[in-house]
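2 protein chains.
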Amino acid sequence: MKNNNALYLISRIREAANRFIVQELEANGIKGVVPSHGDILVVLYACEKCTMKELAQKIHRTKATLTVLVDKLIALKLIEKEKSSQDNRVTYIRLTPLGESYKGVFEKISCELNNLLFKDFSEEETKTLVTLLEKTRANIE
Amino acid sequence: MKNNNALYLISRIREAANRFIVQELEANGIKGVVPSHGDILVVLYACEKCTMKELAQKIHRTKATLTVLVDKLIALKLIEKEKSSQDNRVTYIRLTPLGESYKGVFEKISCELNNLLFKDFSEEETKTLVTLLEKTRANIE
DNA sequence: TTATTATAGTTCGATATCTAACTATTGTCA
DNA sequence: TGACAATAGTTAGATATCGAACTATAATAA
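Protein sequence lines correspond, in order, to chains C and D. To convert, note that position 129 of the first sequence is 152 in the numbering used here; the numbers rise steadily by one, no gaps. To convert, note that position 93 of the second sequence is 116 in the numbering used here; the numbers rise steadily by one, no gaps.
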């Protein structure tokens, strides 16, 4: 049961998926955005208004990393900051209209990626894969 | 069939596995080594003598990245460079005795990681997971 | 034989990422 | 109320990573 290469495959899949995302974003005229930025935008498509801390947790990055990523997205005019009026320590992040306008593109790319990854999978196989990955994750996290 | 979270799980598993590796290396007295360095050493445990180009391909990193990683491992006295006598463009990388001495530790950690990831998996489940991951990889790479 | 092309590796500049240290604000409790 | 602890976010320094440009060497072709 030892020495299978599942983890190797997992690394390769993840990297190829990231390449796919970057490539498709560029093909849709979105330059300079990497998957981590996409993660932020996707959170905001579901959440509207989010503190730095919440955002960091949701994309599984540290606050320090998030500061850099957010600065980049602000420079790209896709999101903006807003100080909380209740608590002066807190900063909210929200989409700009430009950021919102890309929602459809992100959904499309996400959908295409899934279609590609599992294109020849039966319902059953997809479900099995997800179940086994969940089990794996529970073992290590 | 859409919108499953397999890719999300894959990212989480990979990151947790990397954390595990770094943590175990430290617990075994190997500091400052990250998984990419480990990949290089593991290649050399199987290969003895390897050019920069071959190494880069085997660990799926660019030559530019490999240059940095190799410099680090040389600083740690785990590997060394050697100019080819046939072709002056070529540099061989090989383990130092210190690097060789860690072979057992790397094997142990790799084994422990697999045992942890798939600890409650049946033979059958492990095989299924690997098969489905291979299929996924073939779809995207 | 010389000019062109190909190949191996490094350097440079940019960026994502982290930890640790820091600032500023808020909360707690004696 | 005032000191200390907790929390939110940023900054600094380090490192992995990449693409592009570069250097040096080897191979090929005219």
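Beta carbons: idealized from backbone N, C-alpha and C, even for Gly.
Looking only at its own chain, which residues have a Cβ that is under 7 Å from the Cβ of residue i, when we skip the five neighbours before and after it?
| i | result |
| --- | --- |
| N51/D | V128 |
| V57/C | V45 |
| K86/C | M75, K76 and A79 |
Taking 6 Å as the cut-off, does the CB of residue i come closer than this to any heavy atom belonging to the ligand ZN?
| i | result |
| --- | --- |
| N28/C | Among the ligands in the structure shown, none appear at all, so the ligand ZN cannot be discussed. |
Name the residue from the options whose alpha carbon lies nearest to the alpha carbon of residue i.
| i | options | result |
| --- | --- | --- |
| A69/C | L48/C, V45/C, K81/C and I44/C | K81/C |
| T149/D | T159/D, R160/D and N137/D | N137/D |
| K158/C | L139/D, N27/D and E130/D | L139/D |
| L30/D | Y125/C, V153/C and R117/C | V153/C |
| E147/C | H60/D, T151/D and T74/D | T151/D |
| F141/D | S34/C, A161/C, K126/C and E135/C | A161/C |
| L118/D | E103/D, R42/D, K131/D and S107/D | E103/D |
| R84/D | S59/D, L99/D and S133/D | S59/D |
| N111/D | A79/D, M75/D and A39/D | M75/D |
| E123/C | N27/C, A40/C, E77/C and L99/C | L99/C |
| L92/D | I116/D, N41/D and N28/D | I116/D |
| L64/D | A40/D, R42/D, F43/D and L89/D | L89/D |
| L121/D | S145/D, E135/D, S133/D and L96/D | L96/D |
Which residues in chain D have a C-beta closer than 7 Å to the C-beta of residue i? List them in chain order.
| i | result |
| --- | --- |
| S142/C | Residue 142/C is actually Lys in this sequence, not Ser. Residues of chain D passing the Cβ test: N162. |
| S34/C | R37 |
| L152/C | A29 and L155 |
Return the CA-CA distance between residue i and residue j, expressed in angstroms with no decimal places.
| i | j | result |
| --- | --- | --- |
| E164/D | Q46/C | 13 Å |
| S107/D | V113/D | 5 Å |
| M24/D | D143/C | The predicted model places M24/D with a pLDDT of 47, which falls under 50 and marks its position as unreliable, so this point remains unresolved. |
| I36/D | G61/C | 19 Å |
| I33/C | K131/D | 20 Å |
| E49/D | Q109/C | 43 Å |
| L78/C | L101/C | 15 Å |
| N27/C | L155/D | 13 Å |
| A40/C | R42/D | 21 Å |
| G55/C | E105/D | 39 Å |
| E38/D | E38/C | 12 Å |
| C73/D | E135/D | 27 Å |
| S145/D | D94/C | 47 Å |
| E71/C | S133/C | 19 Å |
Using the beta-carbon of each residue, which ones in chain C are nearer than 9 Å to residue i?
| i | result |
| --- | --- |
| T90/D | Under the 9 Å cutoff, chain C gives no residues; its nearest Cβ is about 20 Å from T90/D. |
Using a Cβ cut-off of 8 Å, pull out every chain D residue sitting near residue i, in sequence order please.
| i | result |
| --- | --- |
| E157/C | L32 |
Just to make sure I have the definition right: I need the residues of chain C whose C-beta is within less than 7 Å of the C-beta of residue i. Which are they?
| i | result |
| --- | --- |
| A40/D | L30 and I163 |
By Cβ distance, which residues of its chain are closer than 6 Å to residue i, with the 5 residues on each side in sequence left out?
| i | result |
| --- | --- |
| L67/D | L118 |
| I53/D | none |
| K126/D | Y68 |
Taking C-beta pairs closer than 8 Å, name the residues in chain C that residue i reaches, listed in chain order.
| i | result |
| --- | --- |
| V66/D | Residues of chain C passing the Cβ test: none, with the nearest at roughly 12 Å. |
**OP:** Scan the region 46 to 60 of chain C for residues whose Cβ lies nearer than 8 Å to a Cβ of chain D and list them as they occur along the chain.
**Re:** none
**OP:** Note down, in chain order, all residues in the region 120 to 140 of chain C with a beta-carbon under 9 Å from any beta-carbon belonging to chain D.
**Re:** S133, C134, L136, N137, N138, L139 and L140
Original post:
Going along the region 100 to 122 of chain C in order, which residues come within less than 9 Å of chain D, judged by CB to CB distance?
Top reply: none
**OP:** Name, going along the chain, the residues of the region 69 to 83 of chain D whose beta-carbon falls closer than 9 Å to a beta-carbon of chain C.
**Re:** Those residues of the region 69 to 83 of chain D that come within reach of chain C (Cβ to Cβ, closer than 9 Å) are H83.
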